[in-house]
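Asks: Okay, so the sequence shown: first residue is 884 according to our numbering, each after it adds one. Where a beta carbon is used, it is the ideal one built from N, C-alpha and C, also for glycine. Take this structure, written in structure tokens, and hold onto it; I'll ask about it next.
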Amino acid sequence: MINSIFVMSPTGEVIIEKHYRGYISRTCCELFWNEVQQASNPSEVKPVMVTPKYYVIHVQRYGMFFIAVVQRDVIPLLVTEFLHRVVDVFRDYFNEVSEESIKENFITVYQIMDEMMDNGIPMTTEPNVLKTMIVPPTILGRVATSMGVSDKSNLNSDLPEGMLSSIWWRRKGVKYTNNEIYLDIIEEIDCSIDTNGLMVTCDVSGEVLVNCKLSGMPDMTLSFTNPSIIDDVNFHPCVRLSRYERDQVMSFVPPDGKFKLASYSVNTTGQAVTLPLYVKPQIHFSGTSGRVNVMVGPKSNLAGRTIEDVVITIPFTKNIATNNLSVNHGTAHFDDASKVLRWEIGKVPKEKSPCLNGSVSLVPGTETPESGPTILVDFKIVMFSASGLKIDALTMSGERYKPYKGVRFVTKAGRFQVRS
């Protein structure tokens, strides 16, 4: 299916190349890099590129390009999902995905890629199973690698027990002193608000992340009070699909450790999405100057919860000459090169509304902008669900002990835009 996989740095350097079905020259990478250089923005490069001999499919994450080269017709989304899974596994192993971390752990990287795919067909993609075959790198292993010594102490010659059973994602004989399971339900809001403060578009997507530390072979059941708002669900293989289609509950034997149980989008038909904060921008240009006033504050539907990690990004027009902007809360930095203002508010105080005030001047002789810039908003709220999703119960069967269960909701901004 997949002939080769390449990892390319932001400068066009091929960091990793792994061939599964015959050798593929780097010509495909050169053609792809030409497409990147011709695009005004790397994100505008088409995810699938057709060459005379191959299809080049890529994803861009952490500033790098992860490229798959295929020769036969294949479902592009399958290849894209596999590339995302490769990046997620690297993140799980090395705690970060960067050019430096890949180069420092290149032996482990090749070992992981060997196990994740067999002759071009995805094989083992579950991080918890991979770790039973390839132990995450240690300081001693990194030192040996830097000295040019091949360290094979992290390889397990035995096949994981789970691979021989129908529950291949969980090994047998797992034991914990404290049995506990934690669920994080993280939702992202992609929203566009017009100059009058009215919602133009709004989409909510979410994912259920699990950290399982349970002994034995527990059988979990997760049910929701309002499952009808969940749409387009993508499950982990451990979830019994027939049970969900019949009863709208997630029944599963969880893998050991951290994993993503499900990702979903919210059915917003007939459902009002709750926006946790307001942003009121007033940016007007006249002649060679402009007035700027941006106010941020929480809405009344938060029930006392705090909005955290709030960042307002304002990409001004390129013909801004000088600025005189100040804030009454947080810190603001104006980049003279990119003409982008970054206002870091942090936690929104309840006693006052953060406000950005001031003026900007334009370069003499340049055209006056007809409208203000589109403002980008970032934020995070703990124990708040934008969709209104609520958990009814999380139960366990198959084991005699009583586990500790913790559930946390987190809502954060995806692409949250406000027009000024």
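Return the residue from the list Cys1085, Glu1070 and Asn1206 that minimises the CA-CA distance to Ile1076.
Replies: Among Cys1085, Glu1070 and Asn1206, the Cα nearest to that of Ile1076 belongs to Cys1085.
Asks: Pick helix, strand or coil for Ser1125, following the three-state DSSP scheme.
Replies: Ser1125 falls in the helix class under three-state DSSP.
Asks: Report the three-state DSSP secondary structure of Ile1076 (helix, strand or coil).
Replies: Of the three classes helix, strand and coil, the one that applies to Ile1076 here is strand, per DSSP.
Asks: Which residues does DSSP list as the beta-bridge partners of Trp1226?
Replies: DSSP output for Trp1226 lists Ile1195 and Ala1215 as bridge partner(s).
Asks: Note the first and the last residue of the continuous beta strand (DSSP E) segment covering Arg1298.
Replies: Tyr1287 to Arg1302 is the extent of the beta strand (DSSP E) around Arg1298.
Asks: Sorted by chain position, which residues of the same chain lie with C-beta nearer than 7 Å to Lys1058's C-beta, five sequence neighbours on each side aside?
Replies: Cβ neighbours of Lys1058 beyond the five flanking positions: Ser1098.
Asks: Express the C-alpha separation of Arg1126 and Met1133 in angstroms, rounding to a whole number.
Replies: Answer to the nearest angstrom: the Cα atoms are 7 Å apart.
Asks: Identify every run of the beta strand (DSSP E) within the stretch 1086-1115, keeping only runs that are complete inside it and at least 3 residues long; order them along the chain.
Replies: Whole beta strand (DSSP E) segments, 3+ residues: 1102-1107.
Asks: Taking only the alpha-carbon atoms, compute the straight-line gap between Pro1020 and Lys936 and give it to the nearest angstrom.
Replies: Each residue's Cα considered, the two are about 38 Å apart.
Asks: Nearest to Arg1298 by CA position, among Val1290, Val1260, Lys1273 and Ser1268, is which residue?
Replies: Comparing Cα-Cα distances from Arg1298 to each of Val1290, Val1260, Lys1273 and Ser1268, the minimum goes to Val1260.
Asks: What whole-angstrom Cβ distance do Leu1092 and Ile1069 have, given they're in contact under 8 Å?
Replies: Yes, Leu1092 and Ile1069 are in contact; Cβ-Cβ is about 7 Å, under 8 Å.
Asks: Name the DSSP beta bridge partners of Arg944, please?
Replies: Beta-bridge pairing links Arg944 to Met947.
Asks: Please list, in chain order, all residues of the same chain as Ile907 whose beta carbon is under 6 Å from its beta carbon, the five residues on each side excluded.
Replies: Contacts found: Asn886, Ser887 and Val952.
Asks: Using alpha carbons as the reference points, say which of Arg1283, Pro1237, Phe1199 and Asn1207 lies closest to Leu1224.
Replies: Closest by alpha carbon: Phe1199.
Asks: Look at the alpha carbon of Asn1206 and the alpha carbon of Gly1170, and state the distance between them as a whole number of angstroms.
Replies: Whole-angstrom Cα-Cα distance: 15 Å.
Asks: Which of the three DSSP states, helix, strand or coil, is assigned to Asp1001?
Replies: Here Asp1001 sits in strand by DSSP.
Asks: Report the partner residues of Met1133 according to the DSSP bridge assignment.
Replies: Leu1105.
Asks: Which of helix, strand or coil does DSSP assign to Ser1254?
Replies: If DSSP states are grouped into helix, strand and coil, Ser1254 belongs with coil.
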